[in-house]
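See below for the structure under consideration.
Number of protein chains: 2
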Amino acid sequence: MKRSLGAKPLLFPTPVLVVGTYDDQGRPNAMTAAWGGICCSKPPCVTVSLRKATYTYASLMARKAYTLHVTDEPHLTASDFLGMASGRDGDKLGTLGLTTVRSELVDAPIIQEYPLVLECKIVHVHDLGLHTMFVGEVQDIKADARVLDEKGHLLLDALKPLGFMPEVRTYHGMGPALGRAFDAGKLHMPKKAE
Amino acid sequence: MKRSLGAKPLLFPTPVLVVGTYDDQGRPNAMTAAWGGICCSKPPCVTVSLRKATYTYASLMARKAYTLHVTDEPHLTASDFLGMASGRDGDKLGTLGLTTVRSELVDAPIIQEYPLVLECKIVHVHDLGLHTMFVGEVQDIKADARVLDEKGHLLLDALKPLGFMPEVRTYHGMGPALGRAFDAGKLHMPKKAE
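Residue numbers (full-length UniProt numbering), protein chains in the order written: chain A, 1 to 194; chain R, 1 to 194.
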């Protein structure tokens with residue numbers, strides 16, 4: 001038996017994305033967003049949505065670029081702070097002791113201490129209401145060597161990405177792998193005639 | 001030291017979304033997508049992206065509606081199968097023994113056995129390349145009573161949502177809560193002068 005929860009923005013899990021930008025003074029800034037995801041494979045594109053009232057909004061509109069950092073468990077409190085405080089009120093990254101370098105591909109900063117970052121050029125902007133959705137075309141992804149194996153594949157146990165639960169408002173690490181895509185479902189596939 | 005992984009569609013984690021539609025014969029169908037997320041709070045909107053080659057694509061274009069089911073741990077193999085097989089080849093839901101009812105709000109089916117479903121009206125369609133992104137305005141969310149407490153709040157331990165790791169291609173349950181949003185970051189906030 002199902003009960004109605006009403007019309008709400010609820011999906012589980014969401015990523016915990018730190019959006020990096022340069023403001024109109026050229027200062028690096030960052031904010032945390034959970035409204036986002038992958039939206040295309042070729043070209044590789046992602047979405048991130050944020051409110052017009054944010055300090056980051058103007059930077060995105062002006063520079064047409066952002067970096068998107070995947071939050072790992074060690075940066076839980078830092079990412080939460082980046083979602084609470086505003087770049088208008090001071091140097092958030094400095095407060096956290098985080099350092100940035102300029103991306104060579106897009107007009108946005110890379111936060112060096114975060115393990116995985118997407119460098120994105122904004123290709124579409126959609127005003128959806130309270131949030132504006134920025135579709136970014138991924139120009140490159142950079143990852144710390146420590147979260148890659150010798151073949152350059154990602155090591156999730158090293159990356160330790162965080163997931164977020166909207167409305168419940170909690171952050172979670174990933175449990176163990178419970179199955180593999182395009183494999184776990186094979187047991188339901190029709191058996192081929194012998 | 002960071003290494004370049006190239007331009008790829010990578011974010012961690014993604015949700016595991018089962019997209020419900022009616023085909024041109026009025027038959028219920030479902031496919032699994034990981035390219036999606038929340039994109040606006042007011043009005044509440046979500047995105048889901050899929051390829052033109054999918055059977056579901058034509059249904060979305062025709063009916064301008066979909067349901068989005070959050071996959072829970074018990075439905076891991078079912079959702080993986082729904083992402084492997086095509087509705088062109090047979091009754092996927094029937095194969096899985098899953099049953100549907102018609103949504104009263106949008107022209108799409110609700111899979112009764114999945115614990116949480118969003119009923120969505122398509123408000124924007126964006127051809128991004130290999131994938132087309134369908135922005136859906138959430139008309140209502142319905143949840144099994146067993147995943148709600150007496151106040152109607154979601155119980156994550158009962159819901160057990162799955163997260164997906166692109167490229168690594170594994171499904172994961174959520175670990176324990178490691179912190180609470182708008183709270184864990186307080187330790188970085190400037191202390192107010194006494």
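Glycine included, C-beta positions come from ideal geometry on N, C-alpha and C.
Here the structure is a predicted model, which is why all the values come from computation and not from measurement.
Checking 7 Å against the spacing of the C-beta atoms, do residue 18(R) and residue 118(R) come in under that value? Their beta carbons are not under 7 Å apart, which means residue 18(R) does not touch residue 118(R) by this criterion.
I want to see whether chain R comes within less than 7 Å of residue 47(A), judged by CB atoms only; does it? Judged by the 7 Å Cβ criterion, residue 47(A) is in contact with chain R.
Check the C-beta distance from residue 116(A) over to residue 147(A) and give it rounded, since I have them as a contact under 8 Å. The pair is a contact, with the Cβ atoms about 7 Å apart (cut-off 8 Å).
Express the C-alpha separation of residue 9(R) and residue 66(R) in angstroms, rounding to a whole number. Between the alpha carbons of residue 66(R) and residue 9(R) lies a gap of roughly 24 Å.
Should the stretch 160-167 of chain A be regarded as contacting the stretch 55-62 of chain R, the criterion being three or more beta carbon pairs within less than 8 Å? Counting Cβ pairs under 8 Å, fewer than three are found: no touch.
Euclidean distance between Cα positions of residue 108(R) and residue 27(A): So the two alpha carbons sit approximately 48 Å from each other.
Inspect the beta-carbon positions of residue 184(A) and residue 159(R) and report whether they are closer than 7 Å. Not closer than 7 Å, so no.
Considering only C-alpha positions, which residue in the set 91(A), 39(A), 52(A) and 161(A) is nearest to residue 131(R)? Considering only alpha carbons, the answer is 39(A).
In three-state terms, what does DSSP make of residue 31(A)? Here residue 31(A) sits in strand by DSSP.
Which residues in chain R have a C-beta closer than 8 Å to the C-beta of residue 93(A)? List them in chain order. Near residue 93(A) there are no residues of chain R at all, since even the closest Cβ is about 11 Å away, more than 8 Å.
Complete beta strand (DSSP E) runs within the stretch 87-126 of chain R (minimum length 3 residues, chain order): Taken in chain order, the unbroken stretches of beta strand (DSSP E) that lie wholly in the stretch 87-126 of chain R and span 3 residues or more are 100-102 and 109-111.
Nearest to residue 30(A) (by Cα), restricted to the options 96(A), 1(A) and 44(A): Checking every option, the nearest Cα to that of residue 30(A) belongs to 96(A).
How would you write the range of the beta strand (DSSP E) that residue 4(R) sits in, first residue to last? According to the DSSP assignment, residue 4(R) belongs to the beta strand (DSSP E) that extends over 2-6.
Against chain R, with Cβ distances strictly below 7 Å, would residue 120(A) count as a contact? Between residue 120(A) and chain R, the shortest Cβ-Cβ separation is not below 7 Å.
Residue 12(A) by DSSP, collapsed to three states: which one? Of the three classes helix, strand and coil, the one that applies to residue 12(A) here is coil, per DSSP.
Give the straight-line distance between the Cα atoms of residue 42(R) and residue 70(A), rounded to the nearest whole angstrom. Roughly 25 Å separates the two Cα atoms.
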